[in-house]
Every structure is written in C-alpha cells, then in structure tokens.
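In order, the protein sequence lines correspond to chains A, B, C and D.
First residue of the first sequence: 161, per the working numbering; consecutive thereafter.
First residue of the second sequence: 161, per the working numbering; consecutive thereafter.
First residue of the third sequence: 40, per the working numbering; consecutive thereafter.
First residue of the fourth sequence: 40, per the working numbering; consecutive thereafter.
For every residue, glycine included, the Cβ atom is placed at its ideal position computed from N, Cα and C.
What follows is a set of notes on a single structure, which appears directly below.
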Amino acid sequence: MPVMTLIQAINAALSGEMERNPAVVLLGEDIGNSGGVFRATEGLWERFGPERVMDTPLAEAGILGMAIGMALNGLRPVAEIQFADFIYPAFDQIVSELAKFRYRSAGQFPAPVVIRAPSGGGIGGGLYHSQSPEAYFVHTAGLTVVMPSTPADGKGLLVSAMRSPDPVIFLEPKALYRTAKGEVPEGEYDVPLGKAHTVREGTDVSVISYGAMVPVAEGAAAEAEKEGVSVEITDLRTLWPLDVEAVDRSVQKTGRAVVLHEAPRTCGFGAELATLVQERSFLHLKAPVARVTGFDTPFPYALEKIYLPDVRRTLDAVRGAVNF
Amino acid sequence: MPVMTLIQAINAALSGEMERNPAVVLLGEDIGNSGGVFRATEGLWERFGPERVMDTPLAEAGILGMAIGMALNGLRPVAEIQFADFIYPAFDQIVSELAKFRYRSAGQFPAPVVIRAPSGGGIGGGLYHSQSPEAYFVHTAGLTVVMPSTPADGKGLLVSAMRSPDPVIFLEPKALYRTAKGEVPEGEYDVPLGKAHTVREGTDVSVISYGAMVPVAEGAAAEAEKEGVSVEITDLRTLWPLDVEAVDRSVQKTGRAVVLHEAPRTCGFGAELATLVQERSFLHLKAPVARVTGFDTPFPYALEKIYLPDVRRTLDAVRGAVNF
Amino acid sequence: MELPLLVALREDGSLDPALAPALQNEDLLVLFRNMLLLRALDEKAINLQRSGRIGFYVPCTGQEAMEIGSGFALKEGDWIFPSYRDHGVALLRGYPLATLVGQLFGNASDAMKGRQMPNHWCDRSINLVSVSSPVATQLPQAVGAAYAAKLRGEKVAAIVYFGDGGSSTGAFHVAMNFAGVYRTPTVFFCGNNQYAISLPVSRQTASDSIARKADAYGFEGVRVDGNDVLAVTKVTRDALARAREGGGPTLIEAVTYRMGPHSTSDDPTRYRSEEEIAEWAKRDPVRRFTEYLQKAGVVDGVEAANRAEEAREEVLRAVKECEGAPPVPPESLVEDVYAEMPWHLIEQRKWLPHAEE
Amino acid sequence: MELPLLVALREDGSLDPALAPALQNEDLLVLFRNMLLLRALDEKAINLQRSGRIGFYVPCTGQEAMEIGSGFALKEGDWIFPSYRDHGVALLRGYPLATLVGQLFGNASDAMKGRQMPNHWCDRSINLVSVSSPVATQLPQAVGAAYAAKLRGEKVAAIVYFGDGGSSTGAFHVAMNFAGVYRTPTVFFCGNNQYAISLPVSRQTASDSIARKADAYGFEGVRVDGNDVLAVTKVTRDALARAREGGGPTLIEAVTYRMGPHSTSDDPTRYRSEEEIAEWAKRDPVRRFTEYLQKAGVVDGVEAANRAEEAREEVLRAVKECEGAPPVPPESLVEDVYAEMPWHLIEQRKWLPHAEE
Ligand SMILES: Cc1ncc(C[n+]2csc(CCOP(=O)(O)OP(=O)(O)O)c2C)c(N)n1
Ligand SMILES: Cc1ncc(C[n+]2csc(CCOP(=O)(O)OP(=O)(O)O)c2C)c(N)n1
Ligand SMILES: [Mg+2]
Ligand SMILES: [Mg+2]
C-alpha cells in the first residue's frame, strides 16, 4: 500500500470517485487551475475539465445553493469551502435548505451534497482560519458530520460521503493535512460512515475524540501509561449520527470518560458526548465525564498553542478521572 | 402595577428606552408603519419617526451588518429578525463579526447590538416559523443569550440588554406573546442579565428551563405534587453567561435534575446544562440528568403538538429521576 | 433610461402583434381555465382559513396572469423553483388540484405528510421543487439545477420565482452572478407585486426597476406587464427558449399587484390606501383576460360565467375530498430526516404519545 | 456601453486638468512619501515572512496609488472600513508605522494583543475599524456607521474597501442596496486588482465592470485608473464630498493590479503569465508617480532615490522597535470576550500553562 499524506488521500478519493461516477462535480474557490489553497484538488481540473472542477466566484452561499440545485437534479456535487471559517455565508443554505430538503418534501427531494471544509487550528491562522464549527452542524437535524484523523480514513470516509444518500459535512483537520502520513489502500476503498475506530485499547479511562485531537490523545495515553494508567482511545470518525455503541462499550468498560476536542467548550460536541455518556452509563461512571476543549473565546493568533488542547491538559483530565 | 402581555411589555421596554436614550434605534422588516408582524413595535414609528424606527429591505445580513456599524459609531441599535428562523442569512455577521469585534480589536471596538427574534413553536408555523436556535449562539463565544418567560422579565431583561456593553441575542418565546400576562412595573425597570429566577421551590427534582417551557415545567410540577414529588423550577432567563450558581444550588439541594427545552436535543443547550451539572455536582446526583427536548428533526407543521415537550413528557422525566 | 414595460393586451382591448404569443383558441382556454381555478382556489382557501378549517394561506389574487402565463411557457422536463405564492405554476403544470388542496389541510391527504405550512408544495414527477419559507433561497438552487441539465446536454431550463423583496437578498445576488458567469439556462422570474409584506418596492431598492439589476450580471433583464397573461407567456417563452439553446439566463420582472393580503396573517389596511387598491383593481388580470376573450369571440359572457362557476365547483370537490382525511400518523414525525432512520431517532420514537400504550 | 476609465496622469506624463485634484507640492510629497513607505513596508514584511520572523503577510504592491490617493481624500472624523490589503490608508491616516509593524509580530508590541493574523489592524482613535478576514463583511457595517453619523447630523463619511472578489458576496449586495435606500454617506471603494486569489475578474462576474453594478442600486459608479494616485485622489474626494453633503453613496472601482502574490501563502505562477505581469509592471504606480514628480520638478532623481531609501530605513527602525518585544501574556487569551470576564472564563483561566505554578 502506498504511503500518503492526508491531503493526498483526499485527492485520491476525489479523483477515484470522479473517475467512477460522472455525476460527481467539484466546485469551490480556487480549486481549479490553482488546485485549491491546500492543493486538495491538484491535477483534477486538468484531468476532468473546468465543467466538473469549477472555480467559483467568491460566494459561499452561491456555492452551496448551486450545489443543492445540482444534487436535486442528479449530480453528486462536492463543494469545497476554502476554510471552515468561511462557511457562515452559506449557513442559511445549509441549515434551512440542505438539511431539511428530504424532510420537508417527504422524501421526494433528497439533496446529497458533500461539503468539504478544512477545519481546526494549528497553522497560525488566527480567528478566521482555525475554527472548528462541528457543533453547529451536529445540532442541525438531517446532516451527517464526518471528520477523519488518518489518511486511510480520509480516503475511505470521503468516498462513503460521496455515496451517501444524505448531505455530509466533511471536516478535514488541516493541521494533519501534511503531518498525518500512513498507508492508504489503492483503488476503490471506503470506510463506512457511522462507525468509530478504537485507536488504542485500555482499561482505566476512555478518551473520546476525533480529527486533529486524536494524535494528542495518543500522546497523553503514552504518558499515562508511564504512570500506570491504561487509556482507551476512540476516534469517532463520524461525529453524527454517532457510533453510540462504541462509546457505550468503551465507557462501560473503563468507567471513566474524557472527551477531547479543539472547538470551544460551551455547547460544543463534547457537551453532547458527556451528556450521552451520563445518560446511558450513569451507574458505570466512577468519575464525572471530563471535557478537554478549546477555550470559549475566538481563536487567537499568537496564543494558538495555548488555546489548543495538548498532552498536558489531556493528561490532567485523565489523571483527574482516575483520582476522582 | 399594570397587567400586560409579553408583547406589550416588550413594546414598553423599547419605547421607554428610546425615550430615555436618543442613541437607541430600531431596525427590521415591517417594524415601521405596520408595527411589526407581532406588533412589538406598534406606535413607535409614529412616535420616534422613520429614522429611528427603520423599515428595512428584505435582507437580514444587511440588517445585522448595518446594526454593527451603527453600534461601532455610537448608536444602540435593536435589530428585529422577523422570525428567529430567518436569522441564518445574518449568521456570518453575528458569528464572524458581532461576537468577535471586541476581542479582535483588543477592546477598541465593542459592538453592543441587541438582536430581538421571536423564537420557538406553538403557533402552527411549521419548519420555518418555529425554530429555537439558541444553541448556535450559546456556542458562539462573545454573545449574551437571553430569553424571558414573563412580561415583567420581558421588559426588565430587554432594558438591560439595551444597556449591556456586549451584544445580546434576545429570544422572545412567541407562543407566550399574548398568552403570558402579568404585572409589569411601570417606568424605568430592569432585570439584571445573568441572574436566574427560582419560579418554584422544591426538594426532590430540579427542573431547569427557560422561555415557553417554563409554563410546561409548572404544569408538570403541579402534577408531580399530586404524586408527592416536590419539584423546584429554575427559569434561567439569561442562558449564557449562565447563572451557574443558581443551577448548582438547586441541583445540589435536590440531587436530581431535568433540563427542559423545545430546541432539538442533540448538541442543544440542554447538553451543556446536563454536562455542567454532572461536572459540578457529580457526587450529589442520585440519577442521571434527564433531558426533555424537541425532536432531532426539522420542526413539523401538523405534528407540532407532539414535537413540543409537554407536561406528559416532562412528568415522565421527573418520575424517571425519582425512580431511578 | 427606464426600461420599457412590455404589454401585449393593450388598454383598448387590442393586441400588440409583436408581443402576442402564437396561441390557438384551445391554448387561450387553458390559460383561462387555470386563471379561474387559481382565483377560485384563493377565494375558497381564504374562507377555509377564516373559518378555522386550515391554518394559514397565501393568496396570489391579482397575480394570476404572471403565474399562468409563465407556467404555460414551460415545457416538460423544465425545472420549477417556486416561492410560497406560486401555486399557479403548479396548477398549470398539472399538479392535481386535490393534492394541492390536501397540502393545505396537512392531513393524510397531504403528499408531503403535513410537514410544512400551507402553500409549501412540491412534486418530484414534474420537477416542481419543494418550496421553503425563507425568501430567495431557491435562487442559487435553480442555477445549480440548470447547470446540471446543461452539463448532461439536456435542452431544458430552470425557472425560479421570487418577489420584489427577494431581490434584496444576498441569495439573489449570488444566484444572478453565478448564472451570468456559467451562462446557465436559468430564468429568474420576479413577481414584483409592489410590496414585501408592508414595504413598498420604492423603499425596497433605490433602483428604478428590478429588471435593470440584470445589467450588473452581464445578461438581459426585461420588464413585462405582469397582469397581461399574453405578454407574460411571450416573454417567458422567449427567455426559456434562449436558455434551452445555450443563450444563458434572463431576468424577467413581471410588474403586478397583490390585490389581497400578504397572507391570512396580514392586515394590508395598515400600509396601503383604498385608492391604490382601487387603481390596481382596474387592471385585474382575470377580468382583463375575460374581457379580451369575449372581445376576441373565444367565449361569450355566459360561457365565461359558467367556466368561473365550474372552477369554483372543482375547488369545492377537491376540498371535500381532502378535508375528511385522517391526521398524519405521529410516527411520520421522525421519518425522512435521513434516508435510513438512525439510532437516535429510533430512540426518540419512544417519546411519541402512542408509544406509551 | 462601457463605463469610461478616468485618468489624470496621462501616459505621456501630462495631466488632464479636469481630473487632477488641486494639490500643493507639499501634498504631492505626502502622497509620495506614503507610497514609498508602503512599498518599503511590503518589501521588508515579505522578507520577514520568508525568513520566518513573522507568520504571514498580505502585500499591496502595485496598489499603492489607490491606497494612498483614497486615503489622502479622507478627512478627520471619516470612518474607514479596510480589508486586509489596505494598510496604505492606515499609514496615510497617521497610523504609526511601529504600531502597524507591531501587529505583524503579534507580540507585546501589537496594540491588538496578538489576537489576529498580520494585516488585521485597527485604531479607534482614527475610526479605522478592525479588519476581519471574511471577505466583504465590512460593507454593510460601513453603511451603518455612515447612517449613525448622518442621524446625528455630522458631516462625515464612511469609506469601505474591498476587492473584485468581494463584489460577488451577498454582503456587497445588501450593503449597496441599503446604502441606496437610506442614501447613507458611504463610499464603496473596490480595488479591482484583477484577481481574487487565482480567479481572474473575468470569471468573477459576467459584468463588463464592477462600477456598473452601482446602477442596480440607484446611485453612481465610477471607474478610475487605480494606478494613478492623482485621479484616485480626485474621484474619492468628490465622492466623499458628495456623501458628506447628503448626496448619498458612490461606488468607485479602482482598476489596478496586484503585482505580488495574494499573500505570502500564495504562488501566483500557478495562475498567471509572465507577459501579463510584465505588461502591468509598466504601469507600476510608484514609478509612474515618481516620473511625474520629476517631470513636474517637484523632486529630482537623487531626491526621489533618497526618499525611497529613507522610507526603507524608517521601516527598518520600526521593525527593530517591535521585533524584540516579549510575547503576549497568556492571560490575554481570555480577556475582551465580554466587557467583564464571566465565571466560565475565570474558570478557563486555570487551563493556562502558567496557572499550574
Ligand atoms: C429570509 C426571510 N426573511 C424574512 C421573511 C419573512 N417574510 C416572509 S414573506 C416576506 C416578504 C416577501 O416579499 P416579496 O419577496 O416581495 O414576495 P411577495 O410576498 O410579495 O410575493 C417576508 C419579509 C422570510 N420568509 N424569509
Ligand atoms: C467569505 C470568504 N471566503 C473566502 C475567503 C478566502 N479568501 C481570502 S482573500 C480571497 C480573495 C479575495 O479577492 P478580492 O476580493 O478580489 O480581494 P484581493 O485579495 O484581490 O484584494 C479569498 C477567496 C475569505 N477570506 N472569506
Ligand atoms: Mg412582493
Ligand atoms: Mg482582487
């Protein structure tokens, strides 16, 4: 199996599916002859032409509105939002339209659009090139929200997203684009939506995470091991609809849970995870579910490293759970 | 003290503050000579003129963008969004701009805008005249989110919002506009932001709620009482920043908590409340924190009554907590 | 320079041959029948709402000509993105009256399972896309649907309806701009009925017309008398034909008047005068077309009256058919959120009242 | 009919008297000084980024004339809503160079506490509003600020800067429309530098100019040579004066060229040709103005070179002043979210690294 970076795996998923399915079209800002600001679409414009790899004017509401119309009329559009931070001009199209089309038409008009958006911090992007907006979308009924943490999952989950009958918000941890490297199966390869992955087995504390925080969890688990604490890590992969069984299983085994994400804490996805855990596994819990998250502030430029959850803070939470 | 409906109290707050503070201007769709679709601004156009009570073109992004610019330049704009469901075209202005202005300018440019939006179901409004979007705003650092449940609070909290140095999302439970009636202090009257109200004292279960669900909580408490269960009800009034002490105090007294809101469940504000409770009061809890919420679906037209939490479902949750 | 207003049916009852579409008598009668049906439906539905039998209604009285004329110009395969006020085009395209009425009741006779408020129709089989309440969201979608057709080499167009108020939204701008850039076969059909709820169009925009706005996007805008079913038919046909042949988008502004309230929740006396209403009543599109048909000898007075009566009866029959239907089953609340029901909705099904038994 | 391009500084070096603003030599030298400073700052900042001393930078090389000319037209009290590429107007309005450079370093010398990426300046004392990265969000805000001034009867205007790409956003449309309806004293200043990152303006819109778009909103649009500091000064002065006097908004399209990359993260060779770059290099606004000043006898060649050198030294001094400043203190992470720190941020302060000790 070839070794790829996450961004290469994304590119491979797109090109493979475009090859197989003529209904797949890509649209977004600078995705054409420039190949995308992160180069996710490198080479695709040359290969599939400007009608299927569309450089759009600067208007996310136009991109999403157009993508919805394409999906209604039989295409499988994959819209790139240059940074997840710039998804808000399209929020109305996503929340009012995309998420509700199937429901309001009683199933007559599904709108299977995939929205790819580089998400999260770690590249010195400050307020507007670092945000993690997943909670907005998890809260919106009708959407599937996905975030890979490895190149293989990047390819496999994106292929599944492009085949899903439902709209998918596909958040890509931009911090891992070039730092995550790994083997990626060649050819047609998919990873099912809605299935979490146990990254590491353990018996004392369950860390539940996704995206760029999975490596942080792994760092903390390695440290904890030195202190004799065995950490189990679940990489959710699909945030919603959640693989709730995987969460139940892990927490009911360890009796302790730490949820870890970089998005702001309050009303973040961690709140949902913590609530589900205490609702479903109350009698198993030996300690409150702990959250390790970004701060409830805009995302800062100079203090980025302090803003982002790190091994120190994760380890603190793990210790806190064990010593409660 | 005169008895007013909630909508009259809102009107009184607006007119009183416009009288006292010439910097207050209102803007929104149909708020001028027609007095607003719910008549919140009835009579104000005649009294304060079209320059301070501005009928706007149909563009929520324009309303909010303009309001922000006004606030930067010394006015105290109060923007009406005709239905909270139509706030999404302005989401970028709210989330990217309004919430972050103070932070990104290191305090140089605060933007104290008040956004009034009729929220929630109960009027047969279907998908797009019934939504409860508070979780999106609670998740957005920098915003204050308020929701009154009584006429007196409607007046007092709105006056405080118009004096707050920070932007306030002021959600009005439209189901209560004309059904909530009560005494409202005359003249200058404010209710501080960030302070919850204990609607009813009790010893067995704490119900934490806000807006149009407060009367539902009261109905359930009355039923529970017949079964010998004593329910304490906290009306949050300000959702965020939360009066966390009030929540702690109540839950640590009763040892059981039910959070009740009509917004969709997943990643709703109830998730944050439940998480905070288990984080802060774990050892007091005799049962998992229960959530009674709207469904994770778009808001339906015909089945509205089933969608909305009611006494039956609230009582079930109360019983569940007691019998856990 | 103001854009001219295109009129086929002149005030004196004569036709401008340059602007009259080539229509047979039988076509004229189709237009007539549908306009009458639309008028009858509005009357009945408002009564149903006033008497509490349906919850809400949005009439299009006064706008029948633009609805029926533009609908008539469409061909099978074309895509329709209506707003809440465009049941006319649905009717014309053959959407069954009973299905339309069933949606008003939101009961088991509603093909959309009672999910939306009245006036939010759709029908996959005729490419009539699901209406949503947020104003103008459908505009960029119509660009995408048109693009998809073009990409596959189909000779079909997409028409999208919206109001004068809708032209102020960001969605209008991005849709017009994308359509111009990609030259999609999209016809933007603005029913300028002079008001967005209470706001007159003069305070909606400082532009002297909506049609002029097309300039900003590199394609043509035309202003047509929206109360003239023949001119509307012609102008829309031309625009659709151009679109299907690769000539790109057009913006049509149909200048008309909402004779009734914005919706059954609205009280228009708060914001407009009796005189203004009376002035526009003279241009009532249904009367105007009836008079033309009589003058042209297509129908006589008795026949016209009979046909109006038939329309009312047809509406009554549809109401009878739908009103007694049972309520929507509670289970449907959690269906169609996703293609397959996920675990959390299966769990939430337990909250339904029947689930207790 | 294409809108004419207004030029004061003709190709042969002569002036069109109708389009040249009334300026004294000392004014010309202010323009010159600031253009040189801007050019020098861009050069230095790009080097700082390439050598890893700052994290990012957005140059405006090639656009100095539109920056400095429009900035010069402003008066005290006017409001400025810049984009990330408009440090020129900040400089011209007297924003201290060292404060500007401090922001690039994001350390304790940054008046904005290192909160934002480089190029996101602001200064309350000169009504220079905080830049944000999302394109065009500032446009409706400039309408609101202008409205506030008008409501209080102040004779000030608001100018708002954006690019050709920005004209495609919904924010552009709603801002232009509101400004037209309320006739606010707003000047919309579009720096059409031919590209939005990689997208050429010909694929940004099918309109033949950006200026034309003003028509759709009932006010005037003008196209000016954005590489001609004198024409820009004149056109902007006129628009601002009209605005202050109650004449309403204007859209100015300054036709220019971004000679460098979009930002230090961009590689423009991927999307544009050497020939094109060479073509525009001939119209380099700094060289063009330098040549004019020499021809007009305002400076001679030696003096011009000296002034350019002084500008570079001034930049170096500012860099020296700022680079060594200590990092932003961790506590500042949780400040300024609200006017007063709420309980949850007080709690989150405990997560800061120093808090452990
Ligand atoms: C985004 C949005 N904002 C506000 C509303 C509330 N609203 C419903 S219809 C309407 C006026 C629409 O006017 P226009 O576009 O002219 O269409 P008309 O109703 O006249 O056909 C308004 C403000 C809405 N539905 N959507
Ligand atoms: C809403 C939004 N979408 C996308 C981006 C990413 N982006 C940053 S600058 C830019 C191009 C802007 O082009 P233009 O408006 O012409 O201004 P210029 O950079 O040429 O001065 C893009 C797409 C953004 N900042 N904001
Ligand atoms: Mg209208
Ligand atoms: Mg540009």
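Counted within 10 angstroms of its Cβ, other Cβ atoms place residue i as buried (16 or more) or exposed
i, result
"A169 of chain B", "buried"
"P375 of chain B", "buried"
"L174 of chain B", "buried"
"E211 of chain A", "exposed"
"E396 of chain C", "Residue placement at E396 of chain C is poorly supported in this model, since its pLDDT is 44, which falls under 50; the coordinates still yield a value, given next. Exposed, since its Cβ has fewer than 16 Cβ neighbours within 10 Å."
"A320 of chain C", "exposed"
"S312 of chain D", "exposed"
"K359 of chain C", "exposed"
"L443 of chain A", "exposed"
"G430 of chain B", "buried"
"E379 of chain C", "exposed"
"L224 of chain A", "buried"
Cβ distance (whole Å) where residue i is taken to contact residue j below 8 Å
i, j, result
"L75 of chain D", "R327 of chain D", "Not quite, the Cβ-Cβ distance comes to about 13 Å (not below 8 Å), so this is no contact."
"G428 of chain B", "H299 of chain A", "6 Å"
"I393 of chain A", "A381 of chain A", "6 Å"
"Y519 of chain B", "G302 of chain B", "Here chain B covers residues 161 to 484 and nothing more, so residue 519 of chain B does not appear."
"I236 of chain D", "E189 of chain A", "7 Å"
"G108 of chain D", "V268 of chain D", "4 Å"
"N25 of chain D", "S90 of chain C", "There is no way to answer for residue 25 of chain D, as the model of chain D reaches only from 40 to 396."
Contact set between residue i and chain B, taken where Cβ atoms lie within less than 9 Å
i, result
"Y256 of chain C", "Chain B residues near Y256 of chain C: none, gap ~18 Å exceeds 9 Å."
"N216 of chain D", "P217, A219 and G222"
In DSSP terms, what residue i is bridged to
i, result
"S442 of chain C", "Residue 442 of chain C falls outside the range modelled here, since chain C spans only 40 to 396, and no answer is possible."
"M214 of chain B", "B:L187"
"M164 of chain A", "A:G342"
"D277 of chain A", "It is Ala, not Asp, that sits at residue 277 of chain A in the sequence shown. A277 of chain A is bridged to A:L331."
"W118 of chain C", "C:A197"
"S369 of chain A", "A:D395"
"H357 of chain B", "B:D395"
"I291 of chain C", "C:F228 and C:V261"
Under 7 Å by beta carbon: chain C residues contacting residue i
i, result
"Y263 of chain A", "R154, D375 and V376"
Under 9 Å by beta carbon: chain C residues contacting residue i
i, result
"T474 of chain B", "Neighbours of T474 of chain B on chain C: none; closest Cβ ~11 Å, over 9 Å."
"L287 of chain B", "R154, Q155, M156, H159, S171 and S172"
Residue i: contacting residues in chain A (beta-carbon distance under 9 Å)
i, result
"D530 of chain B", "Nothing about residue 530 of chain B can be read from this structure; chain B reaches only from 161 to 484."
"A277 of chain B", "Within chain A, no residue comes near A277 of chain B; the closest Cβ sits about 14 Å away, beyond 9 Å."
Where residue i meets chain A, residues with beta-carbon distance less than 8 Å
i, result
"Y310 of chain D", "N193 and S194"
Residues that residue i contacts on chain D, provided the C-beta gap is smaller than 8 Å
i, result
"L468 of chain A", "Ordered by position in chain D, no residue passes the 8 Å Cβ test against L468 of chain A, which lies about 11 Å from the chain."
"G267 of chain B", "E374 and D375"
"D350 of chain A", "The premise fails here: D350 of chain A is roughly 31 Å from chain D at the closest Cβ pair, so nothing lies under 8 Å."
Per-residue contacts from residue i into chain D (C-beta, under 9 Å)
i, result
"Q247 of chain C", "The amino acid occupying residue 247 of chain C in the given sequence is Asp; Gln does not appear at that position. Near D247 of chain C (Cβ distances below 9 Å), the residues of chain D are G257."
Residue i: contacting residues in chain B (beta-carbon distance under 8 Å)
i, result
"T394 of chain A", "Residues of chain B passing the Cβ test: none, with the nearest at roughly 18 Å."
Report task. For the stretch 399–474 of chain A, list the beta strand (DSSP E) runs that are entirely contained and at least 3 residues long, ordered along the chain. Result -> If we require 3 residues or more, the beta strand (DSSP E) runs fully inside the stretch 399–474 of chain A come out as 417–424 and 450–454.
Requested in this report: May I have a chain-ordered list of the alpha helix (DSSP H) segments no shorter than 4 residues that lie completely inside the stretch 124–208 of chain D?
Outcome: Within the stretch 124–208 of chain D, the complete alpha helix (DSSP H) runs of at least 4 residues are 126–131, 136–144 and 177–190.
Query raised in the report: Residue ranges of each beta strand (DSSP E) run of no fewer than 3 residues wholly in the stretch 339–380 of chain D, ordered along the chain?
Result: Within the stretch 339–380 of chain D, there are no complete beta strand (DSSP E) runs of at least 3 residues.
Report task. Within the stretch 207–266 of chain D, note down every full alpha helix (DSSP H) run reaching 4 residues or more, in order along the chain. Result -> List check, alpha helix (DSSP H) in window: 209–221 and 240–243.
Requested in this report: Only counting runs of 3 or more residues, tell me where the beta strand (DSSP E) segments fall wholly within the stretch 253–308 of chain B, in order along the chain.
Outcome: The DSSP assignment places complete beta strand (DSSP E) segments of no fewer than 3 residues inside the stretch 253–308 of chain B at 274–279 and 304–306, in order along the chain.
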